[in-house]
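Asks: Residues 0 to 627 in the working numbering are what the sequence shown lists, from first letter to last.
We put the beta carbon where it would ideally sit given N, CA and C, even for glycine.
All values reported here derive from a predicted model rather than from experimental measurement.
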Amino acid sequence: MPVQTSRLFASALHELRSTRTPQAAFSPNAHLLLRERYLTRDADGQVTETPEAMLRRVAGALARAEQADAAGPWASAFYEVMARLEFHPGSRTLANAGTDQPQLANCFVLPVEDSQASVLRTFAESSMVKSYGGGCGFNYSNVRPRGDKVRGTAGLAVGPVALLKLFDDATKLFRQRGRYESGNMAILDVDHPDVLEFVAAKRMDGWLSMTNISLGVTDAFMRAVEADAGWTLVNPRTGAAVRTLPARELFTAACELACETGDPGLIFLDNMNRTNPLRDSMGDIVATNPCGEIGLYPYEACNLGYVNLPRLLLPADRRDGSHLFDLDRLRVVMAAGVRMIDNAISASWFPVPEIREAVRGNRRIGIGVTGWAESLALAGVPYDSEEALAHATVLARSMREFAYDASVALAGERGPFPNVHRSVWKDAEEQPRNVALLAMPPSGNNAVIFDTSFSIEPFFAMSYTQRVFGGRQISSVNRLLLRELAAYGVDEAALLSEIADNGGGVQGLARVPAHIQRIYKTAHDIAPTWHVRMQAAFQEHVDNAVTKTVNLPHTATAEQVAALYQQAWRLGCKGITVYRDTSRADQAIEATRPAPATTAPPTATAVPVATADAVSCDPADGACAVCE
């Protein structure tokens with residue numbers, strides 16, 4: 000018997016199908032990216048579909064999770080919200096839905112236990128995941144330290160850092176259809192005896208190039224740093240104390256290496272689990288996906304989606320100090336998004352049976368955004384302002400409310416997530432379909448497809464060059480800035496030359512009016528503390544996590560990194576990553592003199608294209624080829 004669609008979804012379905020968008024307005028950069036990575040190909044490698052056909056393929060595949068009589072209407076609705084460039088699912092869903100390789104999740108977490116059998120099993124499972132384009136997160140803290148005893152042999156343990164290298168080298172072998180590189184997140188808890196070796200693991204440039212590393216820290220450790228107290232390292236095999244060292248010594252070492260190499264970041268484990276709805280029954284989450292925007296239990300995966308904020312910006316005459324976005328339309332888009340990504344879980348094939356069980360048991364999704372910086376610029380709001388923080392809070396709170404309402408409504412049709420009886424909602428009258436709903440991933444490729452700025456990041460630069468497919472380069476220019484300055488009669492060629500000589504920004508340029516300089520700041524023009532405050536503003540209402548790069552100038556010090564790490568912890572962030580400019584030789588994006596204008600997209604804000612030839616997660620700009 001057909002299940003009645005809730006009023007919320009009936010209204011969303013009606014509104015989405017009341018308009019028709021026959022063809023999405025993709026930019027030249029988007030067409031290039033779609034052709035290289037998303038459009039289907041025949042046995043000879045020739046592209047066999049258009050971007051519009053891709054959207055119809057994805058809409059139809061996700062709508063097949065509906066009851067038969069609803070599949071057609073929802074396929075139309077899903078296509079409409081995608082063709083209007085208001086919402087897209089994550090990159091694996093765009094590439095794989097409706098194909099013969101329907102692995103639709105982006106990233107996974109796999110367990111690493113302290114036995115040869117466990118390591119070999121995880122190695123095999125991660126290889127299977129990566130062969131289908133997924134990234135993997137691991138916490139190595141259960142592995143006994145280097146030099147420890149190995150029962151029944153005369154050998155000594157190699158320790159977790161050696162395993163990092165093993166998994167990193169294997170990752171380089173896998174690329175989905177030659178178009179995706181995978182990536183890893185390696186986490187080690189701060190009380191592991193090998194922690195100092197771990198934080199220095201990426202000191203050699205290019206080593207562990209497929210792996211982000213983060214230190215799993217607790218409130219107790221951060222308080223010990225504040226108090227300049229001792230910190231005890233514990234052998235996970237025996238539970239015995241190995242040594243005690245000043246907490247600040249360990250913290251300082253991590254900050255120095257982060258300043259030098261961009262790693263390690265920090266994962267604040269207590270902040271991660273403080274609102275974890277499954278903590279009491281399933282324990283703490285101790286690992287994340289490669290960029291850290293979703294904490295996951297072993298064998299869980301993340302299915303992502305993106306709201307394109309500039310498309311939902313209110314007309315200028317309807318904006319006020321409290322609202323930038325059309326909240327009525329946002330409610331509709333969030334309803335469609337929650338339904339699409341939940342359907343992706345049902346439609347997906349999973350490379351390992353345990354993954355299928357864990358993913359469908361919790362039905363965790365992560366809806367994020369693209370175009371935050373562009374939206375603020377269009378509204379004339381400086382990124383580093385109290386007004387921007389207030390708008391971030393309103394947006395994140397609204398997204399959370401609308402996503403939760405949609406998830407509860409969907410549970411009314413299909414039932415709550417199976418593990419709800421183990422959650423904080425076990426006795427609640429309203430139970431959601433999904434254990435978690437929002438995340439803020441880097442949105443690398445999805446931002447390119449939408450022709451907008453990355454996630455909640457500020458503009459990387461007003462003009463820059465990036466390595467793209469096959470080692471080629473493209474030049475990108477912020478067209479919003481040029482459009483505003485055209486009204487002042489500013490010569491475009493002269494301006495771009497000055498921007499290139501000014502490190503990619505417009506601060507201090509005489510030909511750029513002061514009020515425009517205030518709006519069009521780059522990531523390096525914005526004080527690092529504002530980066531952290533913006534991340535925290537979103538994190539307050541995001542139930543998964545927020546990934547964000549705190550960009551630092553080349554002159555930044557370890558002491559400044561330490562202050563930022565402490566600020567992020569106090570403000571409730573679940574993790575933090577910093578990147579000091581040019582601290583990596585393979586930085587994929589550099590502010591530079593642009594090539595001739597014909598190489599730049601003619602519309603909206605030109606943004607960088609994530610590259611299959613660069614590292615999978617590039618901290619310089621927050622782009623990630625895995626967590627998209």
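For a cutoff of 8 angstroms on Cβ pairs, would you count R143 as touching chain C?
Replies: Annotation note: the requested chain C is absent from the structure, which comprises a single protein chain.
Asks: Can you tell me whether Q102 is buried or exposed? The criterion is at least 16 other CB atoms within 10 Å of its CB, across all chains shown.
Replies: Here residue 102 refers to the residue found at position 103 of the sequence shown. Classification of Q102: buried, given that the 10 Å Cβ count is 16 or more.
Asks: Pull up the CB-CB distance for D147 and A156, whole angstroms please, since I reckon it's below 8 angstroms.
Replies: Within the sequence shown, numbered from 1, the residue matching residue 147 stands at position 148. Within the sequence shown, numbered from 1, the residue matching residue 156 stands at position 157. That belief holds up - the Cβ atoms of D147 and A156 are roughly 4 angstroms apart, short of 8 angstroms.
Asks: Only counting the same chain, and skipping five residues up and downstream in sequence, which positions put a Cβ closer than 6 angstroms to that of R83?
Replies: Indexing the sequence shown from 1 puts residue 83 at position 84. Closer than 6 angstroms at Cβ, skipping near neighbours: T20.
Asks: Starting from the Cα of R583, find the closest Cα among N550, I575 and L570 and give me that residue.
Replies: As a first step, residue 583 must be located in the sequence shown, where it is residue number 584. Ranking N550, I575 and L570 by Cα distance to R583 puts N550 first.
Asks: For D113 and L265, I'd like the C-alpha separation in whole angstroms.
Replies: Stepping through the sequence shown from its first residue, residue 113 is reached at position 114. Stepping through the sequence shown from its first residue, residue 265 is reached at position 266. When rounded, the distance between both Cα atoms is 23 angstroms.
Asks: Distance, Cα to Cα, T546 vs G215?
Replies: Position 547 of the sequence shown, counted from the start, is the residue given in the question as residue 546. Position 216 of the sequence shown, counted from the start, is the residue given in the question as residue 215. Those two C-alpha atoms are separated by around 15 angstroms.
Asks: To the nearest angstrom, how far is it from the Cα of H523 to the Cα of V351?
Replies: Numbered from 1 along the sequence shown, position 524 holds the residue referred to as residue 523. Numbered from 1 along the sequence shown, position 352 holds the residue referred to as residue 351. Their Cα atoms are separated by approximately 42 angstroms.
Asks: Excluding five sequence neighbours on each side, which residues of the same chain lie with their C-beta closer than 8 angstroms to the C-beta of S117?
Replies: Taking the first residue of the sequence shown as 1, we reach residue 117 at position 118. Correct list, in chain order: P110 and V111.
Asks: Runs of 3 residues minimum, wholly inside the segment 411 to 451: which ones carry the beta strand (DSSP E) assignment?
Replies: If we require 3 residues or more, the segment 411 to 451 turns out to have no beta strand (DSSP E) run fully inside it.
Asks: Using C-beta distances below 7 angstroms, list every residue in its chain close to A630, excluding the 5 sequence neighbours before and after it, in chain order.
Replies: Within the shown structure, residues of the chain are numbered from 0 to 627, placing residue 630 beyond reach of any answer.
Asks: How is C254 classed by DSSP in three states: helix, strand or coil?
Replies: Mapped onto the sequence shown, residue 254 falls at position 255. Of the three classes helix, strand and coil, the one that applies to C254 here is helix, per DSSP.
Asks: Drop a sphere of 10 angstroms on the beta-carbon of E373, count the other beta-carbons inside from all chains shown, and report buried for 16 or more, exposed for fewer.
Replies: Walking along the sequence shown from the start, residue 373 turns up at place 374. E373 is buried by the Cβ-count criterion.
Asks: Classify H87: buried if its beta carbon has 16 or more other beta carbons within 10 angstroms, exposed otherwise.
Replies: Position 88 of the sequence shown, counted from the first residue, corresponds to residue 87. Residue environment for H87: buried (at least 16 other C-beta atoms within 10 angstroms of its C-beta).
Asks: Quick check on DSSP: helix, strand or coil for M53?
Replies: The sequence position of residue 53 within the sequence shown is 54, counting from 1. Of the three classes helix, strand and coil, the one that applies to M53 here is helix, per DSSP.
Asks: On the premise that C258 lies in contact with A555, defined as a C-beta separation below 8 angstroms, what is that separation, rounded to the nearest angstrom?
Replies: In the sequence shown, counting from the first residue as 1, residue 555 sits at position 556. In the sequence shown, counting from the first residue as 1, residue 258 sits at position 259. Right, their Cβ atoms sit about 6 angstroms apart.
Asks: Would you mind reading off the limits of the alpha helix (DSSP H) that contains W529?
Replies: Taking the first residue of the sequence shown as 1, we reach residue 529 at position 530. Its alpha helix (DSSP H) spans residues P527 to Q538.
Asks: Over what stretch of residues does the alpha helix (DSSP H) that includes N550 continue unbroken?
Replies: Position 551 of the sequence shown, counted from the first residue, corresponds to residue 550. Not the alpha helix (DSSP H): N550 falls in the beta strand (DSSP E), residues T548 to L551.
Asks: What span of residues does the beta strand (DSSP E) with F137 cover, start to end?
Replies: Indexing the sequence shown from 1 puts residue 137 at position 138. Counting along the chain, the beta strand (DSSP E) containing F137 begins and ends at G134 to N138.
Asks: By Cβ distance below 8 angstroms, which residues in the same chain neighbour F349 in space, the five residues on each side in sequence not counted?
Replies: Within the sequence shown, residue 349 is the residue found at index 350, counting from 1. Excluding residues within five positions, the ones whose Cβ falls inside 8 angstroms are Q102, A104, A300, R355 and V358.
Asks: Go ahead and label G488 buried or exposed: buried means 16 or more other beta carbons lie within 10 angstroms of its beta carbon, across all protein chains shown.
Replies: Counting from 1 along the sequence shown, the entry for residue 488 is found at position 489. Exposed: under 16 other Cβ atoms inside 10 Å.
Asks: Mind checking which residues open and close the alpha helix (DSSP H) that includes F107?
Replies: As a working note, residue 107 is residue 108 in the sequence shown. No alpha helix (DSSP H) holds F107; the beta strand (DSSP E) holding it covers C106 to V108.
Asks: Just curious, the beta strand (DSSP E) that Y564 is in, first and last residue?
Replies: Counting from one through the sequence shown, the residue named residue 564 turns up at place 565. Segment A557 to R569 is the alpha helix (DSSP H) holding Y564; no beta strand (DSSP E) there.
Asks: With a cut-off of 8 angstroms on the beta carbons, I'd call V337 and I364 a contact; round off their distance for me.
Replies: Taking the sequence shown and counting its residues from 1, one reaches residue 337 at position 338. Taking the sequence shown and counting its residues from 1, one reaches residue 364 at position 365. About 7 angstroms; that satisfies the 8 angstroms criterion.
Asks: Can you look up L84 in the DSSP assignment and give me helix, strand or coil?
Replies: Counting from 1 along the sequence shown, the entry for residue 84 is found at position 85. Coil, per DSSP.
Asks: Tell me, which residues are paired with Y305 by DSSP?
Replies: Translated into the one-based positions of the sequence shown, residue 305 becomes position 306. BP columns for Y305 point to H87 and G367.
Asks: How would you label P314, buried or exposed, when you count the other beta carbons within 10 angstroms and need 16 or more for buried?
Replies: What you label residue 314 is simply residue 315 of the sequence shown in a count that begins at 1. It is exposed - the Cβ of P314 has fewer than 16 other Cβ atoms within 10 Å.
Asks: Please state if the CB of N444 and the CB of R145 are separated by a distance shorter than 8 angstroms.
Replies: In the sequence shown, residue 145 corresponds to position 146, counting from 1. In the sequence shown, residue 444 corresponds to position 445, counting from 1. In this structure, the beta-carbon distance from R145 to N444 does not fall below 8 angstroms.
Asks: Go through its chain and collect everything with a Cβ distance to L61's Cβ below 7 angstroms, but skip five positions before and after it.
Replies: Stepping through the sequence shown from its first residue, residue 61 is reached at position 62. Cβ neighbours of L61 beyond the five flanking positions: F77, A96, M339, N342, A343 and A346.
Asks: Cβ of V447 within 8 angstroms of Cβ of Q430?
Replies: As a first step, residue 447 is located in the sequence shown; it is residue number 448 there, counting from the start. As a first step, residue 430 is located in the sequence shown; it is residue number 431 there, counting from the start. No, Cβ-Cβ distance for V447 and Q430 is not below 8 angstroms.
Asks: Report yes or no: do the segment 534 to 541 and the segment 563 to 576 share at least 3 C-beta pairs separated by less than 8 angstroms?
Replies: yes
Asks: Between the alpha carbons of R510 and R330, how many angstroms are there, rounded?
Replies: Walking along the sequence shown from the start, residue 510 turns up at place 511. Walking along the sequence shown from the start, residue 330 turns up at place 331. Taking the straight line from one Cα to the other gives about 42 angstroms.
Asks: In or out: Q559 buried (at least 16 other Cβ within 10 Å) or exposed?
Replies: Here residue 559 corresponds to residue number 560 of the sequence shown, with the count starting at 1. That one is buried.
Asks: Nearest to N270 by CA position, among R569, Y463, R478 and G261, is which residue?
Replies: On the sequence shown, position 271 is the one that residue 270 refers to. Checked all of R569, Y463, R478 and G261; the closest Cα to N270 is R569.
Asks: Alpha carbon to alpha carbon, what distance is there between A513 and A219?
Replies: Numbered from its first residue, the sequence shown carries residue 219 at position 220. Numbered from its first residue, the sequence shown carries residue 513 at position 514. C-alpha separation (whole angstroms): 46 angstroms.
Asks: For the beta strand (DSSP E) that contains R36, what are its first and last residues?
Replies: Locating residue 36 in the sequence shown gives position 37, where the first residue counts as 1. Unbroken run through R36 is the alpha helix (DSSP H), P27 to R36; no beta strand (DSSP E).
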